[in-house]
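S.K.: This is the structure I want to talk about, given as structure tokens.
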Amino acid sequence: MTTRRSSRRAIGATILMLGGCAPHPWLTVPPAILSEDWSPLPTTPDRASVTSDAASGTIDLGSPRLRALIAEALRESPTLIGAQARIDQARALLKSARGATLPVVTASGSPLLSQSRRGGPLDFRNSFASLDAGLTVDVGGRLKAGKRAAADRLRASAYDRDALTIAVAAEIARAFVTQAAIDARLSLLARNIVQADELLRIITVRQHEGSATLIDVGLQDNRVQNLRTEQERLRQSLDQSRTALALLVGSEAPSFRSMPGDLDALVGPTIALPSPAQLVRHRPDIQAAEARLAAAGGDVTRARAAFIPPIELALGRAAQASLGTPLLSSIVLSANMLAPIFNRGQLKADLDLASARQREAVQLYRQAILQSFVEVENARSAVDHAQARAVLLDRMVATAERTVRLDRQRYLEGDADLRDLLITQDEIIAAQDARLINLQERIEAQIDLYRASGSYQRDRSDALR
9 MTTRRSSRRA IGATILMLGG CAPHPWLTVP PAILSEDWSP LPTTPDRASV TSDAASGTID
69 LGSPRLRALI AEALRESPTL IGAQARIDQA RALLKSARGA TLPVVTASGS PLLSQSRRGG
129 PLDFRNSFAS LDAGLTVDVG GRLKAGKRAA ADRLRASAYD RDALTIAVAA EIARAFVTQA
189 AIDARLSLLA RNIVQADELL RIITVRQHEG SATLIDVGLQ DNRVQNLRTE QERLRQSLDQ
249 SRTALALLVG SEAPSFRSMP GDLDALVGPT IALPSPAQLV RHRPDIQAAE ARLAAAGGDV
309 TRARAAFIPP IELALGRAAQ ASLGTPLLSS IVLSANMLAP IFNRGQLKAD LDLASARQRE
369 AVQLYRQAIL QSFVEVENAR SAVDHAQARA VLLDRMVATA ERTVRLDRQR YLEGDADLRD
429 LLITQDEIIA AQDARLINLQ ERIEAQIDLY RASGSYQRDR SDALR
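Under our numbering, the residues of the sequence shown are numbered 9 to 473, in order.
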């Protein structure tokens, strides 16, 4: 009895001594968030509010067609399917880490066959069988730390999947808006070409009557050709927007069909913007970086716990039968502790490596926070300035439409020069096109703000089980 107590005390003293000899790692912690609110935006009558009291808008912009494209991407996008595969990989690693803490049971047997020379019956009595069980007592917490790190990496993979879901949905929405804007600009351009052709016909008639020159005809004909050239360029862009959508959705471009939506009918998402501190807790890419930081801390704990030797417990039972002897059975219980003495340099290097990775994880976490703040600030600014430009462009279009009507009437009455009419017509075409582009930019800016705020959330409970 005294011998057993002495052995226990010796083992405990050895563990404490080895644990005390483990070096202290050099670690860092993330800095605190100092920004309490976002930077102020200009307040003028031309500007509308960027935020709202409730997040009532959605990423599908009120379009069933866009909603169907996003749903298809969630099923077929290689990006999202690959992200799910990475979650499965992390889950498998977690199972492996959990398995390292469980007992290991092995069984073996060696049946020996014998037969007399005279051809008697087969004899299986000379046989051997054993059953062994082993358990590692995680004295220093190395296996437990590894299990926590694996669980944190699983959480990070799930958050990565959520961040990619937001990104893919936002990119599909932007591509859909681009396609709708190009289609609207093509419709506007087609109307302008009809009007330009009609004016060319009038100028040609007047040239035959002697009230216009061939120069006037040539100027208008060049305008018509320029409009048709722009029409072909926009048609090419429309084709490219279709293939871009096919790639995002996960469909083959040759067979993918997507009818453009109505740009005026699209409703940008309404955002209830969180504070900077709330954003850090809300965005999945920041949560993923935080989970990886926790995993890196677990790796440091595991590397430091490696200096404390584990205790290996083994229990074995063997049975043997030999020819002419009774069945022999034995039970063996043993314990073993292997102390890291000669590989201390390797353990120190592993700890230094884990510590360096933890410091890197801190900076990656901080970088994710800084990047998120930049994205929100840029998106807020884009929404604000796009809304201000919309007011100015509405005024510009109204003025240009009134001016071109007056100039056209004066030209038909012979009181205005053709070049003045051509200038005002170019101005109205440019203003109307700029207004469509601005509408596209306004919706895209709202999509970017929606994405930057991490508003497109998904249920992660099944991924974390």
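Glycine included, C-beta positions come from ideal geometry on N, C-alpha and C.
Count the other C-beta atoms from every protein chain shown that fall within 10 angstroms of the C-beta of Tyr-458, then say buried if there are 16 or more, exposed otherwise.
M.R.: buried
S.K.: Jot down the residue ranges of each uninterrupted beta strand (DSSP E) in the segment 248–304, minimum 3 residues, whole runs only, in chain order.
M.R.: none
S.K.: Between the segment 306–314 and the segment 183–194, are three or more C-beta pairs nearer than 8 Å?
M.R.: When C-beta atoms of the segment 306–314 are compared with those of the segment 183–194, fewer than three pairs fall below 8 Å, so the two segments do not count as touching.
S.K.: Anyone know if the C-beta pair for Leu-151 and Asp-392 falls short of 8 Å?
M.R.: Result no, Cβ atoms of Leu-151 and Asp-392 do not sit closer than 8 Å.
S.K.: Between Ala-302, Trp-46, Ser-249, Pro-86, which lies nearest to Arg-161 when the distance is taken from Cα to Cα?
M.R.: The option with the nearest alpha carbon to Arg-161 is Ala-302.
S.K.: Just the C-alpha distance for Gln-92 and Pro-284, rounded to the nearest angstrom, thanks.
M.R.: 29 Å
S.K.: Quick check: the segment 444–457 against the segment 247–257, are there 3 or more CB pairs under 8 Å?
M.R.: No, because fewer than three Cβ pairs between the segment 444–457 and the segment 247–257 fall closer than 8 Å, the two stretches do not touch.
S.K.: What's the call for Leu-335, buried or exposed, on a 16-neighbour Cβ count within 10 Å?
M.R.: A caution first: Leu-335 carries a pLDDT of 47, below 50, which makes its placement in the model too unreliable to give a value.
S.K.: Taking only the alpha-carbon atoms, compute the straight-line gap between Ile-201 and Arg-209 and give it to the nearest angstrom.
M.R.: A direct Cα-Cα distance of roughly 12 Å separates Ile-201 from Arg-209.
S.K.: Which stretch, first to last residue, makes up the alpha helix (DSSP H) that contains Ser-43?
M.R.: Where Ser-43 is concerned, there is no enclosing alpha helix (DSSP H), given that its DSSP letter is neither H nor E.
S.K.: Between which two residues does the alpha helix (DSSP H) carrying Gly-90 extend?
M.R.: 86–107
S.K.: Helix, strand or coil: how does DSSP classify His-393 here?
M.R.: helix
S.K.: Mind checking which residues open and close the alpha helix (DSSP H) that includes Glu-421?
M.R.: Where Glu-421 is concerned, there is no enclosing alpha helix (DSSP H), given that its DSSP letter is neither H nor E.
S.K.: For the alpha helix (DSSP H) containing Gly-154, name the first residue and the last one.
M.R.: 150–217
S.K.: Identify, in the order they occur along the chain, each residue of the same chain with its Cβ nearer than 8 Å to the Cβ of Ala-153, setting aside the five sequence neighbours on each side.
M.R.: Gly-306, Asp-307, Thr-309, Arg-310, Ala-313
S.K.: Suppose you measure from the CA of Asp-441 to the CA of Arg-199; what does that come to, to the nearest Å?
M.R.: Computed Cα separation, rounded: 12 Å.
S.K.: Whose C-beta lies closer than 8 Å to the C-beta of Asp-272 among residues of the same chain, with five residues either side of it excluded?
M.R.: Closer than 8 Å at Cβ, skipping near neighbours: Ala-192, Leu-447.
S.K.: On a CA-only basis, which of Leu-35, Pro-72, Asp-45 is nearest Val-275? Give me that one, please.
M.R.: It is Pro-72.
S.K.: Helix, strand or coil, according to DSSP, for Pro-516 in the structure here?
M.R.: Look at the range of the chain in this structure, 9 to 473, and you will see that residue 516 is not part of it.
S.K.: Among residues of its own chain, excluding the 5 on either side of Arg-156, which ones have a beta-carbon nearer than 7 Å to its beta-carbon?
M.R.: Gly-306
S.K.: Going by the beta-carbon positions, is the gap between Ala-398 and Thr-432 smaller than 8 Å?
M.R.: no
S.K.: When you compare the segment 286–300 with the segment 208–226, are there three or more beta-carbon pairs, one atom per stretch, that lie closer than 8 Å?
M.R.: no
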